[in-house]
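Student: Before I ask anything, let me first share the structure, which is written out below as structure tokens.
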Amino acid sequence: MKNRDVFSGNKFKRNHHPSFDKMKLDGWKAMHKEEKLPTTKWEEEKARALELGLQGADSIEDRSIPTFARGELPHFAGINTFMKAPYIEDIKDVGKYDVAVLGVPFDGGTTYRPGTRFGPQGIRKISALYTPYNYEIGVDLREQMSLCDAGDIFTIPANLEKSFDQISKGVAHVFASGAMPIILGGDHSIGFATVRGIASQTDKKIGIIHFDRHADIQEKDLDERMHTTPWFHATNLPNVPASNLVQIGIGGWQVPRDAVQEARKRNTTILTMNDVDQLGFEKTAEIALEMAWKDADAVYLSFDIDCVDAGFVPGTGWPEPGGFLPREILRLLQLVAKEGICGMEVVEVSPPYDVSDITSLMALRAIVDVLGTVVAHGKLGSHKKIIRGFS
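Residue numbers (the numbering used here): 397 to 787.
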């Protein structure tokens, strides 16, 4: 009698399937993989907290606890840098780190609901909730990479083009230093400026993998370069070919025909939600990687939060039902990030429309899952080889 309850004396006994082997479970493997991870950086952080924050009160039995919060703990206290990472006040020091998070608080390219200028603050705030260790991926970001928060780009609220110039200069500086930029938007108009910043520091070709419900490739919107236009202008750059632009999740009732016409003209690759359903995640990622990397030397990842179904991410300017479930998009992000990236942006998080920080949390999770995947697959720092003059 397999998988059935049988009566034995005064007790019921559960007969398990005889072929079950818990050592084949991902949960078992992850449990034992953790044992091999170092704890050096965590011990250093606790020692630093004591040195800078004073030894805790005499009644505190855990003598690693300081009087003033310094570092990760407690999660509800301290200054909200991204994941409690060190804040780099002198931006010239950014190259000392593997990855630099920088905010772009700009919503001047928004055409409907504003508020994404508060996106970087929202993501940083909820990031205090997380630890740097991921059980399933089996990485500890604190131990396996160095991360800093470079603060925010000084954007000009009333001027798109000056803000774009500021963004491009800031991203170019971070990228040229060797640190991989992770950009917290901001509306999607910044996509042109961020890619321009990276492209200006390399002679190599860059592909783009873009998750969104909207195509964002028309030339102008309301007579300006708005959040519906970044890929028209980015793929006009000489080393960012339109043939290497892959857009995943596009569809619904918010894709202007102007954008469709331009995508057709430029021969980009668009996969709709239906395509993803039909192909499956592995095949979708395989296609995305093949097209984005074809004759390219690096790939930039653009993640628009509204690619996730609107029920899960209410805090965005153009919500659209029918997008990815959180678990689905995280799986896809991991699959495309395993080959390495030269930078990543997360855009269209609008905290004024959010509920319980869940949209900011989704943005945070996307970032740390990508970073964890890059580390797990040994691709951390792989972007450095394309930086002009970097040694």
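From the three backbone atoms N, C-alpha and C, an ideal C-beta is built for every residue, glycine too.
Indicate whether I594 and I602 have their beta-carbon atoms separated by less than 8 Å.
Tutor: Position 198 of the sequence shown, counted from the start, is the residue given in the question as residue 594. Position 206 of the sequence shown, counted from the start, is the residue given in the question as residue 602. Yes, the pair counts as a contact, with Cβ atoms nearer than the cut-off.
Student: In this structure, how does DSSP classify Q730 when only helix, strand and coil are distinguished?
Tutor: Position 334 of the sequence shown, counted from the start, is the residue given in the question as residue 730. Q730: helix per DSSP, three-state reduction.
Student: Give the list of continuous alpha helix (DSSP H) stretches no shorter than 4 residues that lie fully inside the segment 689-746.
Tutor: Taking only runs of at least 4 residues, the alpha helix (DSSP H) segments lying wholly in the segment 689-746 are 722-733.
Student: Output yes or no for whether 8 Å exceeds the beta carbon distance between L537 and G736.
Tutor: Counting from one through the sequence shown, the residue named residue 537 turns up at place 141. Counting from one through the sequence shown, the residue named residue 736 turns up at place 340. No; because the gap between Cβ atoms is not below 8 Å, this pair is not in contact.
Student: Helix, strand or coil for E468, going by three-state DSSP, please let me know.
Tutor: Stepping through the sequence shown from its first residue, residue 468 is reached at position 72. It is coil, neither helix nor strand.
Student: Here's the rule I'm using: 16 or more other beta-carbon atoms within 10 Å means buried, otherwise exposed. How should R653 be labelled?
Tutor: Counting from one through the sequence shown, the residue named residue 653 turns up at place 257. Looking at its Cβ environment, which holds fewer than 16 other Cβ atoms inside 10 Å, R653 is exposed.
Student: Kindly indicate the opening and closing residues of the alpha helix (DSSP H) around I519.
Tutor: Residue 519 sits at position 123 when you count from the first residue of the sequence shown. That run of the alpha helix (DSSP H) goes 515-523.
Student: Any beta carbon from chain B within less than 8 Å of L446's own beta carbon?
Tutor: Within the model displayed, chain B is absent; a lone protein chain is all it includes.
Student: State yes or no: is the C-beta of G711 within less than 8 Å of the C-beta of P747?
Tutor: On the sequence shown, position 315 is the one that residue 711 refers to. On the sequence shown, position 351 is the one that residue 747 refers to. Yes. Within cutoff.
Student: Starting from T436, trace the alpha helix (DSSP H) both ways and give me its first and last residue.
Tutor: Along the sequence shown, read from residue 1 onward, the residue named residue 436 stands at position 40. First-last of the alpha helix (DSSP H) with T436: 436-449.
Student: Less than 7 Å between C-beta atoms, sequence neighbours within five positions excluded: which residues of the same chain meet that for A659?
Tutor: Taking the first residue of the sequence shown as position 1, residue 659 is located at position 263. Hits under 7 Å: A611, I613, I666.
Student: How about V766 and L729: do their beta carbons lie closer than 8 Å?
Tutor: On the sequence shown, position 370 is the one that residue 766 refers to. On the sequence shown, position 333 is the one that residue 729 refers to. The answer is yes: Cβ separation under 8 Å.
Student: Are the Cβ atoms of I646 and D608 separated by less than 8 Å?
Tutor: For the purposes of this step, residue 646 is taken as residue 250 along the sequence shown, with counting starting at 1. For the purposes of this step, residue 608 is taken as residue 212 along the sequence shown, with counting starting at 1. Contact: yes.
Student: Specify the secondary structure class of Q643 as computed by DSSP and reduced to three states.
Tutor: Here residue 643 refers to the residue found at position 247 when the sequence shown is read from its first residue. Strand at Q643.
Student: What does the alpha-carbon distance come out to for the pair K780 and Y696?
Tutor: For the purposes of this step, residue 780 is taken as the residue at position 384 of the sequence shown. For the purposes of this step, residue 696 is taken as the residue at position 300 of the sequence shown. Approximately 13 Å between the Cα atoms of the pair.
Student: Going straight from the alpha carbon of G467 to that of F628, what length do you get?
Tutor: Here residue 467 refers to the residue found at position 71 when the sequence shown is read from its first residue. Here residue 628 refers to the residue found at position 232 when the sequence shown is read from its first residue. C-alpha separation (whole angstroms): 42 Å.
Student: Buried or exposed, going by whether 16 or more other CB atoms sit within 10 Å of the CB of F472?
Tutor: Within the sequence shown, the letter at position 76 stands for residue 472. With fewer than 16 Cβ atoms within 10 Å of its Cβ, F472 is classed as exposed.
Student: Please confirm whether I579 and V567 have their CB atoms less than 8 Å apart.
Tutor: Taking the first residue of the sequence shown as 1, we reach residue 579 at position 183. Taking the first residue of the sequence shown as 1, we reach residue 567 at position 171. Their beta carbons are under 8 Å apart, which means I579 touches V567 by this criterion.
Student: Which residues does DSSP list as the beta-bridge partners of H606?
Tutor: Here residue 606 refers to the residue found at position 210 of the sequence shown. Bridge partners of H606: Q643, S698.
Student: Give the single residue among A762, P482, E431 whose Cα lies nearest to the Cα of A445.
Tutor: For the purposes of this step, residue 445 is identified with residue 49 of the sequence shown, where counting begins at 1. Closest option to A445, Cα to Cα, is P482.
Student: Any chance the segment 423-432 sits against the segment 506-519, with 3 or more Cβ pairs inside 8 Å?
Tutor: Output reads no: the segment 506-519 does not touch the segment 423-432.
Student: Using a Cβ-Cβ cut-off of 7 Å (strictly less than) and excluding sequence neighbours within five positions of V495, which residues of its own chain qualify?
Tutor: As a first step, residue 495 must be located in the sequence shown, where it is residue number 99. Correct list, in chain order: M541, L543, A575, M576, I578, L767.
Student: My understanding is that V672 touches I701, with C-beta atoms under 8 Å, so please give their C-beta distance in whole angstroms.
Tutor: Your numbering for residue 672 matches position 276 in the sequence shown. Your numbering for residue 701 matches position 305 in the sequence shown. Contact doesn't hold; Cβ gap of about 17 Å is too wide.
Student: Round the Cβ separation of I563 and V500 to the nearest angstrom and send it over; I've been treating them as touching at under 8 Å.
Tutor: In the sequence shown, the residue the question calls residue 563 occupies position 167. In the sequence shown, the residue the question calls residue 500 occupies position 104. 6 Å between Cβ atoms; contact.
Student: At which residues does the beta strand (DSSP E) containing A669 begin and terminate?
Tutor: Residue mapping note: residue 669 aligns to position 273 of the sequence shown, counting from 1. The question names Ala, but residue 669 is Met in the sequence shown. No beta strand (DSSP E) contains M669, which is instead part of the alpha helix (DSSP H) from 669-675.
Student: Can you list the beta strand (DSSP E) stretches of 3 or more residues lying completely in the segment 564-636, in chain order?
Tutor: Listed in chain order, the complete beta strand (DSSP E) runs (minimum 3 residues) inside the segment 564-636 are 576-581, 602-607.
Student: Can you list, in chain order, the residues of its chain with a C-beta nearer than 7 Å to that of K558? Leave out the 5 residues immediately preceding and following it.
Tutor: Here residue 558 corresponds to residue number 162 of the sequence shown, with the count starting at 1. Correct list, in chain order: I552.
Student: Looking only at DSSP bridge pairs, what is G499 linked to?
Tutor: For the purposes of this step, residue 499 is taken as residue 103 along the sequence shown, with counting starting at 1. Bridge partners of G499: D548, L580.
Student: Counting only the same chain and skipping the five closest in sequence on each side, list residues whose C-beta sits under 8 Å from that of R475.
Tutor: Within the sequence shown, the letter at position 79 stands for residue 475. Correcting the residue identity first, residue 475 is Ile in this sequence and not Arg. Counting only Cβ-Cβ distances below 8 Å, and skipping sequence neighbours, we find Y483.
Student: When DSSP builds the beta bridges, which residues end up paired with Y508?
Tutor: Taking the sequence shown and counting its residues from 1, one reaches residue 508 at position 112. Beta-bridge pairing links Y508 to no other residue.
Student: Measure from the alpha carbon of K690 to the alpha carbon of each residue in W438, N635, W714, then state which is nearest.
Tutor: Here residue 690 is taken as the residue at index 294 of the sequence shown, counted from 1. Nearest of W438, N635, W714 to K690, Cα basis: N635.
Student: Can you give me the start and stop residues for the alpha helix (DSSP H) that E457 sits inside?
Tutor: As a working mapping, residue 457 is identified with position 61 in the sequence shown. No alpha helix (DSSP H) contains E457, which DSSP labels as neither H nor E.
Student: Put Y533 into one of helix, strand or coil per three-state DSSP.
Tutor: To locate residue 533, count along the sequence shown from 1; it is residue 137. First, the amino acid is wrong: residue 533 is Ile here, not Tyr. It is coil, neither helix nor strand.
Student: Kindly indicate which residue of R459, F478, L448 has the alpha-carbon position closest to the one of A465.
Tutor: Sequence index remark: in the sequence shown, residue 465 carries index 69 (1-based). The shortest Cα separation from A465 among R459, F478, L448 belongs to L448.
Student: In its own chain, which residues sit with a C-beta less than 6 Å from the C-beta of Y615, not counting the 5 before and 5 after it?
Tutor: Your numbering for residue 615 matches position 219 in the sequence shown. One detail in the question is off: residue 615 reads as Glu in this sequence, not Tyr. Cβ within range, chain order: F628.
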